[in-house]
Amino acid sequence: MMENFRFTRVEFAGSLGDLGTLIPLAVGLIVINGLSSSVVLLLVGIFYISAGIYFKIPVPVQPLKVVSAIAIALGPKIVTPEVLAASALLFGIILIAISITGIVDFLGRFFTKPIIRGIQLGLGLILVSKALVLITIPQLFISPGMILPRFIQGIPLSQNLIFGIVGFFLALILINSKRYPAALVIIIAGAAIGLFMGGTRGMSFSPGPTEIRLFFPNKTNFITAFFLLVIPQIPLTIGNAVISTGDTAQSLFGVKKAKKTTYKALGMSMGIFNIIVGAFGGMPMCHGAGGMAAHYRFGARTAGSNIMIGLIFVVLALLFGKASVSLLTSIPASVLGVLLLFAGLELALLVRDLKNINDYFISLLIAGIAVATTNMSYAFIAGISVKYVIDTMKIEL
């Protein structure tokens, strides 16, 4: 039993391996879209612990990238906490349905690599665009619910821009550091700047959690969530969070140790937990092959890493939820922008493993439509349609 749960320094280092993806999107959803920090942190922690106990290997917990990127890009005027809750509920129900029926195995063959990479490239570029807005706006601080411009409105020299440039090069220098994870260093540095520049003036640092309550999305919330967030998320989740994660687990840990990471189990895990997330208005979540590789690369070999990082999130949520809101909103806009910039670039660069021009054509088409419309459903439908024509007509580009 204990061979599945080791609590060593190396396991702890491995548990931090995927924070570079989780932190930027979680912070963006809290600061920009107004999610409760305690609910986000608490549910991330519980999901990490639950996944570790069940799968008995380091299984990552990540934000749903399509949902998060579009929510951050469109802002709270369109994607409210209620819409995010609706997306999690819908997504959970769909995942449970396709997992129980076995449809997930059938669907996996249709979501080919160029389609998935195109979605990831489009999401990455959307995040980069939003990041550059945050870096170049003149305001040093943003508040939850603040409406941001969609595109850059000029580049005035400001304190915010200077902090963004410095933060970018600091993150670049630390990008491969195991001792000083770039995302954590940037968050701490940003909070320190906020304290020094008066970003926390008048804010409360009292202990305890932020509001935890049940959410009841209405019909409009569900319709918005389904077409704007859920439909475009499905192919990425089936392709990456289910198929690729299951395959990666067996490649890294062996078939025997990773025997529980079946497609059905991964789908059910995400489905059940997203229903809980939707009920409490948290951050929609999934597993992911990249996250599993990141945990493994930094030293995680047992589910002990999941337990350790999960407990940290739970403690932060329950004891420092209120304080975390003050700290996160005091981080300069450009520092948040730097985090989103690197998260976006990491997503976009996944396109580099495509093998031929036809695949690149499909991926670039999907990405271009996604950036132009900020609607991944249009991009996905266009990509599937064009790929079908290319394959059927045997077109060589």
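So the sequence shown is residues 207 to 603, counted in my numbering.
C-beta atoms are modelled at their ideal positions from N, C-alpha and C, and glycine is treated no differently.
Would you mind working out which of the options sits nearest residue i, comparing C-alpha positions?
{"i": "arginine 323", "options": "Gly574, Thr426, Met599", "result": "Gly574"}
{"i": "glutamine 193", "options": "Phe586, Leu533, Tyr254", "result": "No statement about residue 193 is possible, as the shown extent of the chain runs from 207 to 603 and does not include it."}
{"i": "phenylalanine 519", "options": "Ser256, Val436, Glu552", "result": "Ser256"}
{"i": "asparagine 366", "options": "Ile348, Asp311, Ile299, Thr214", "result": "Ile348"}
{"i": "asparagine 581", "options": "Gln345, Ile276, Ala506, Ile482", "result": "Ile276"}
{"i": "glutamate 288", "options": "Ile259, Ser242, Ser536", "result": "Ser242"}
{"i": "leucine 247", "options": "Ile229, Ile263, Lys262", "result": "Ile229"}
{"i": "proline 264", "options": "Ile437, Gly494, Ile238", "result": "Gly494"}
{"i": "proline 415", "options": "Leu555, Lys528, Lys470, Ser383", "result": "Lys528"}
{"i": "proline 387", "options": "Ala500, Thr579, Leu401", "result": "Ala500"}
{"i": "asparagine 427", "options": "Lys283, Met476, Ser450", "result": "Lys283"}
{"i": "isoleucine 478", "options": "Ala576, Phe586, Leu249", "result": "Leu249"}
{"i": "phenylalanine 261", "options": "Ile596, Ile563, Phe459, Gly589", "result": "Phe459"}
{"i": "glutamate 417", "options": "Ile379, Leu378, Leu524, Leu346", "result": "Leu524"}
{"i": "alanine 377", "options": "Ala455, Leu551, Thr307", "result": "Leu551"}
{"i": "methionine 403", "options": "Ala539, Leu603, Val334", "result": "Ala539"}
{"i": "phenylalanine 586", "options": "Ile393, Leu434, Thr467, Val285", "result": "Leu434"}
{"i": "phenylalanine 218", "options": "Ile361, Gly516, Ile302, Gln456", "result": "Gly516"}
{"i": "glutamine 345", "options": "Ile368, Val334, Ser335", "result": "Ile368"}
{"i": "alanine 431", "options": "Gly452, Ala578, Pro490", "result": "Pro490"}
{"i": "leucine 301", "options": "Glu602, Cys492, Asp597", "result": "Cys492"}
{"i": "lysine 271", "options": "Val285, Thr227, Ala464", "result": "Thr227"}
{"i": "valine 483", "options": "Ile394, Phe422, Leu556", "result": "Phe422"}
{"i": "threonine 307", "options": "Arg507, Lys470, Val334", "result": "Lys470"}
{"i": "proline 413", "options": "Lys561, Asp565, Leu533", "result": "Leu533"}
{"i": "valine 334", "options": "Ile299, Phe374, Thr598", "result": "Phe374"}
{"i": "asparagine 564", "options": "Met476, Ile321, Asp453, Ala303", "result": "Ile321"}
{"i": "glycine 454", "options": "Gly488, Ile236, Tyr566, Tyr502", "result": "Note that residue 454 corresponds to threonine in the displayed sequence, not to glycine. If we check each option's Cα against that of threonine 454, Tyr502 comes out closest."}
{"i": "glycine 298", "options": "Glu602, Gln439, Lys561", "result": "Gln439"}
What is the DSSP secondary structure of residue i, counted as helix, strand or coil?
{"i": "methionine 489", "result": "coil"}
{"i": "glutamate 602", "result": "coil"}
{"i": "isoleucine 392", "result": "helix"}
{"i": "glutamate 288", "result": "helix"}
{"i": "asparagine 210", "result": "helix"}
{"i": "valine 483", "result": "helix"}
{"i": "threonine 443", "result": "helix"}
{"i": "phenylalanine 504", "result": "coil"}
{"i": "aspartate 453", "result": "helix"}
{"i": "proline 230", "result": "helix"}
{"i": "aspartate 597", "result": "helix"}
{"i": "tyrosine 584", "result": "helix"}
{"i": "leucine 235", "result": "helix"}
{"i": "isoleucine 198", "result": "No answer is possible for residue 198: the residues shown for the chain start at 207 and end at 603."}
{"i": "valine 448", "result": "helix"}
{"i": "isoleucine 468", "result": "What sits at residue 468 in the sequence shown is threonine, not isoleucine. If DSSP states are grouped into helix, strand and coil, threonine 468 belongs with coil."}
{"i": "leucine 222", "result": "coil"}
{"i": "glycine 477", "result": "helix"}
{"i": "isoleucine 361", "result": "coil"}
{"i": "valine 461", "result": "coil"}
{"i": "glycine 589", "result": "helix"}
{"i": "glycine 494", "result": "coil"}
{"i": "glycine 618", "result": "This structure does not reach residue 618, given that the chain is present from 207 up to 603, and the question cannot be answered."}
Since residue i and residue j should fall inside the 8 Å C-beta cutoff, what is the C-beta to C-beta distance between them, to a whole number of angstroms?
{"i": "leucine 338", "j": "isoleucine 444", "result": "Not quite, the Cβ-Cβ distance comes to about 31 Å (not below 8 Å), so this is no contact."}
{"i": "lysine 600", "j": "isoleucine 568", "result": "Not quite, the Cβ-Cβ distance comes to about 15 Å (not below 8 Å), so this is no contact."}
{"i": "phenylalanine 486", "j": "valine 245", "result": "5 Å"}
{"i": "leucine 222", "j": "phenylalanine 504", "result": "7 Å"}
{"i": "leucine 536", "j": "alanine 447", "result": "Position check: residue 536 holds serine in this sequence, whereas leucine was assumed. With 8 Å as the limit, serine 536 and alanine 447 do not qualify as a contact, their Cβ atoms being about 33 Å apart."}
{"i": "glycine 370", "j": "glycine 234", "result": "Not a contact, Cβ separation roughly 15 Å."}
{"i": "methionine 474", "j": "serine 305", "result": "5 Å"}
{"i": "leucine 442", "j": "glutamine 326", "result": "7 Å"}
{"i": "isoleucine 238", "j": "isoleucine 278", "result": "5 Å"}
{"i": "glycine 510", "j": "arginine 215", "result": "About 11 Å separates the two Cβ atoms, so there is no contact after all."}
{"i": "isoleucine 572", "j": "glycine 328", "result": "6 Å"}
{"i": "serine 583", "j": "isoleucine 437", "result": "5 Å"}
{"i": "isoleucine 513", "j": "glycine 258", "result": "5 Å"}
{"i": "alanine 576", "j": "isoleucine 252", "result": "Not quite, the Cβ-Cβ distance comes to about 32 Å (not below 8 Å), so this is no contact."}
Between residue i and chain D, is there a C-beta pair that is closer than 8 Å?
{"i": "phenylalanine 218", "result": "Among the chains of the structure shown, chain D does not appear; only one protein chain is present."}
State yes or no: is the C-beta of residue i nearer than 7 Å to some heavy atom of the ligand FAD?
{"i": "isoleucine 515", "result": "The model depicted lacks the ligand FAD and carries no ligand whatsoever."}
Fully enclosed by the region 240 to 279, which alpha helix (DSSP H) runs are 4 residues long or longer? Restricting attention to alpha helix (DSSP H) runs no shorter than 4 residues, the region 240 to 279 encloses them at 243 to 261, ordered along the chain.
Does the region 287 to 294 come close enough to the region 537 to 550 to have 3 or more Cβ pairs within less than 8 Å? Short answer: they don't touch.
Let me know the beta strand (DSSP E) ranges lying completely inside the region 298 to 354, each 3 residues or longer, listed in chain order. For the region 298 to 354, not a single whole beta strand (DSSP E) run of length 3 or above is found.
Contiguous alpha helix (DSSP H) assignments of at least 4 residues, all confined to the region 510 to 568: Correct list: 510 to 535, 539 to 554.
Within the region 404 to 440, ranges of the alpha helix (DSSP H) (whole runs, at least 4 residues): Segments of the alpha helix (DSSP H) lying fully in the region 404 to 440: 425 to 431.
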